Structure formats: structure tokens, C-alpha cells
Amino acid sequence: MTPIVETFARKLVTIAIAASALAAAGVIAAGADIEARAQGTPSASSARAKELAATMKTRKLEAFAMREAAPNRFLAVICNPDVQILLVSTAYGRPSDIEYRLFQKDYVTAYRDLRSGVSGTERFVVEDILADGLVAVPAKNSLPDTAMVDATTYLFEGPADPKKRNDKRMPADAYAKAFGDSDQRYAQALDALIAELKKAATLEPAGLLR
């Protein structure tokens, strides 16, 4: 090997080692962020979920729905405090159908239409176990929270363990991004619901589950 080739080869090895180190650092950083959340760092949606549950309980509502700022887009929620929050944000091709549900204060049917109606598109769905906001890593023997963005479902049960070759869960960096994005979007939806509930002068408990 000539000196020039040898020098070039050493540079390639150095670059490869540096790239590997940066990739490892990224995974470690993502894992550290997830670990911090697991050890009690509250998510962006945590306080908001609890506030929504308390607000709906005060108004004796188990369901609520509203228009969003975007055209033909609606937001609905079913809340059972300390048990579960079910939330859906959807663009709806037949907005007059949902407008009618809102006029009738039939929030449960509005939720069902937005969640599974054929006219719904661009769905964002959250199943928040315990109604305490999204949790990055659930406690032992606890059910995980889930989020669905269009056709992609994220199960927040923790990232893949790099020490386990057959771990089918998401890698730490991808997991951290999916959780962070879902958590922020969920928090924004909760903010909108809380603001609308506080703004409403009177809300009949017509949205109660039957």
C-alpha cells in the first residue's frame, strides 16, 4: 500500500468511527430522554389531560366535541377520569353531519362518526390510559397509551432494547420522535378542548354515555 493510499484509508476509518460514535450518541440521547420520562418527568399532555378530566367532571360531561380552526375539521373526546381519555381529530367530508351533532349536543355520536365514519380523513387518535397524559414508558403491568396518525398506530410501550436482537419495538431515536410529536399534538388538542369548555356558557349533559 502506497503512503497516499494508506493515509486515505486511515481517514476513511477515522470518519467511519466518528460516524458510528455520533449515531451511538444519538441513540443514547434519545434513550436518556425516554428514560427521564419513564422516571417521572411529566409529558406535555400530562397536566392538560388532568385539567380536561377535572373540567368535564365538574360539568358532568363524559363526552364533548367542537369545530377546529381548520376548515371541515372537528375534535371530539370521551373522558372517564382516572380510567381513560379517548380523543379524535378528523377532517370530515360531510361537515354538516357533525355540525348537526354539535347543535344537538350529541357528542358521543359525534365522536363515533369522527372516529370511524367513512367521510373522515387525516385522523389523529389518542387512547390515553388512566387519563393522565401520554406516558413514554408505562409502569410495570400497566397498559400502554396509543396514538394513531392516519393509518400508522404507535404503541407507547417503550423503545427496543438494543441488547435484544429480536426486539420488534421501535428504535430509541424513532420512538422518541414519534412520542414527542404525538404528545405535543395531543397537548394542543387538549388545550383547545379546555378553552372551548371554559368559553361555553351552558352545556347540557346530553353527551353522557348511555
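If you want this note's numbering, it's the position in the sequence shown, counting the first as 1, plus 461. In this text, a Cβ means the ideal position worked out from N, Cα and C, and glycines have one as well. Keep in mind it's a predicted model, so treat the numbers as computed, not measured.
Can the beta-carbon of residue i be found less than 8 Å from the beta-carbon of residue j?
i	j	result
Arg576	Val586	yes
Pro623	Arg630	no
Ser550	Ala650	yes
Ala597	Ser504	yes
Ala592	Asp652	no
Asp611	Leu595	no
Leu751	Val538	The structure shown has nothing for residue 751, since the chain only spans 462 to 671.
Leu547	Glu512	no
Arg534	Ala648	no
Glu618	Pro599	yes
What is the DSSP secondary structure of residue i, counted as helix, strand or coil?
i	result
Gly581	strand
Ser507	helix
Ile465	Summary for Ile465: the model assigns pLDDT 43, below 50, so the residue's position carries little reliability, and this model does not support an answer.
Ala661	coil
Arg520	coil
Ala514	helix
Just mark residue i as buried or exposed, buried being the case when its beta carbon has 16 or more other beta carbons within 10 Å.
i	result
Gly554	exposed
Arg626	exposed
Leu604	exposed
Tyr561	exposed
Phe525	buried
Glu405	For residue 405 there is no data in the structure shown, the boundaries of the chain being 462 and 671.
Asp642	exposed
In chain order, which beta strand (DSSP E) runs of at least 3 residues are fully inside the stretch 522-574?
Correct list: 524-528, 534-541, 545-553.
Which ranges does the beta strand (DSSP E) cover as unbroken runs of at least 3 residues, wholly within the stretch 582-652, from first to last along the chain?
If you keep only unbroken beta strand (DSSP E) runs of at least 3 residues inside the stretch 582-652, you get 606-610, 613-617.
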